[in-house]
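In the numbering used here, the protein residues as written are 587 to 819. Written below as C-alpha cells is the structure these notes are about.
Quick look at the structure:
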C-alpha cells in the first residue's frame, strides 16, 4: 500500500511539472522577413500559445542553414530555400520583385517600366554572393537588360537607404517597401514582361519532425504572409 501511494504521488508530481515546462521555439530569420512578417507573426503566436517561449534571431542565410543542421535552431526562414537532402522546406510566399527609385527619378512618373528602359540606368544591388543577386542578374539578362551596379549591400534596408539618397534604381521585394511607399520616400514600379519573384520558405532539419508548437508557428506565418500579400495587391 505504501509503495502504491508513493507511486501515485510521483505520478501527480511529474504530471504537474510537465504542465509547467516552457519549451523554447528557436527561429532563425533573414533580416527582411523581420520587417515584413515577423512582428505580426510573433504577436499572433504569443496570443495562441502561452506555454512556449518564442526566440527569434536575425542572421545571414548561410548561418541559418548551418545552425539548423547543428541543432541550434528549430526553424529557419530564408529566401530561395536550398534543395538539400538534409533539409525540409515549406514554401509559404512568393514576393513580387519591383523596380524601386526615388520620387524624383524620371521613371517614377511611369506606371510600368519596360526592360528597355532599364538599360543605361545605374543600380544599387545585392552582394554577389547572395542567391537573390544571382537570380536578379540572370532574369535581367534574359530580358536583355545589362545592370550597371554602382553599390552593393548584403541587406534590403541598406539598399533602400542608398536609393532614397541617390538617383540609382534597385530591384526589391514589394512587401519590404510598405513603410517607404506609405510615406512617399520611394516609388515601386512593376517590370513589364517579367515574372521576377522572391520565394520565401521555412527550412528545418529533416531528421527532426515538426512538433505541434513548430507547426503552429508555420501556420501562423503562412496566414500573416497571405494577409500581407493581399494587402499589397
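Cβ atoms here follow ideal geometry from the backbone N, Cα and C, with glycine treated the same way.
CA-to-CA distance, residue j to residue i, given in whole angstroms
i           : j           : result
residue 604 : residue 635 : Since pLDDT at residue 604 reaches only 48, below the 50 mark, its modelled position is unreliable, and the value read off the structure follows with that caveat. Between residue 604 and residue 635, the C-alpha separation is close to 16 Å.
residue 637 : residue 783 : 37 Å
residue 749 : residue 797 : 42 Å
residue 746 : residue 597 : 58 Å
residue 631 : residue 754 : 39 Å
residue 810 : residue 613 : 16 Å
residue 768 : residue 622 : 14 Å
residue 732 : residue 702 : 10 Å
residue 742 : residue 729 : 23 Å
residue 807 : residue 726 : 30 Å
residue 700 : residue 641 : 43 Å
residue 757 : residue 677 : 22 Å
residue 799 : residue 644 : 20 Å
residue 722 : residue 781 : 11 Å
residue 790 : residue 653 : 10 Å
residue 752 : residue 724 : 25 Å
residue 697 : residue 772 : 14 Å
residue 606 : residue 694 : Here residue 606 scores only 48 on pLDDT, less than 50, and its place in the model is too uncertain to base an answer on.
residue 689 : residue 671 : 45 Å
residue 692 : residue 770 : 15 Å
Residue i (DSSP reduced to helix, strand or coil)
i           : result
residue 746 : helix
residue 643 : strand
residue 760 : helix
residue 785 : strand
residue 650 : helix
residue 663 : strand
residue 772 : coil
residue 611 : strand
residue 790 : strand
residue 604 : For residue 604, the predicted structure reports a pLDDT of 48, less than 50, and the residue's modelled location is therefore unreliable. A value from the coordinates is still provided. Residue 604: helix per DSSP, three-state reduction.
residue 731 : coil
residue 738 : strand
residue 596 : helix
residue 767 : helix
residue 820 : Residue 820 falls outside the range modelled here, since the chain spans only 587 to 819, and no answer is possible.
Rounded distance between the beta-carbons of residue j and residue i, thought under 8 Å
i           : j           : result
residue 786 : residue 681 : 7 Å
residue 610 : residue 639 : 5 Å
residue 761 : residue 813 : Contact doesn't hold; Cβ gap of about 11 Å is too wide.
residue 788 : residue 661 : 5 Å
residue 792 : residue 673 : 6 Å
Check your understanding: Can at least three beta-carbon pairs, one atom from the stretch 663-672 and one from the stretch 706-719, be found at a separation below 8 Å?
Key -> Yes, the stretch 663-672 touches the stretch 706-719.
Exercise for review: Please list the segments of the beta strand (DSSP E) lying wholly inside the stretch 667-729, counting only runs of 3 or more residues, in order along the chain.
Suggested key: Fully enclosed beta strand (DSSP E) runs of 3 or longer: 673-687, 708-712.
Review point. Does the count of Cβ pairs from the stretch 681-692 and the stretch 761-781 closer than 8 Å reach three?
Key: Contact between the stretch 681-692 and the stretch 761-781 is present, because at least three Cβ pairs lie under 8 Å.
Exercise for review: Could you tell me whether the stretch 725-741 touches the stretch 704-711, where touching means 3 or more Cβ pairs closer than 8 Å?
Suggested key: Taking 8 Å as the limit for Cβ pairs, the verdict is that the stretch 704-711 does touch the stretch 725-741.
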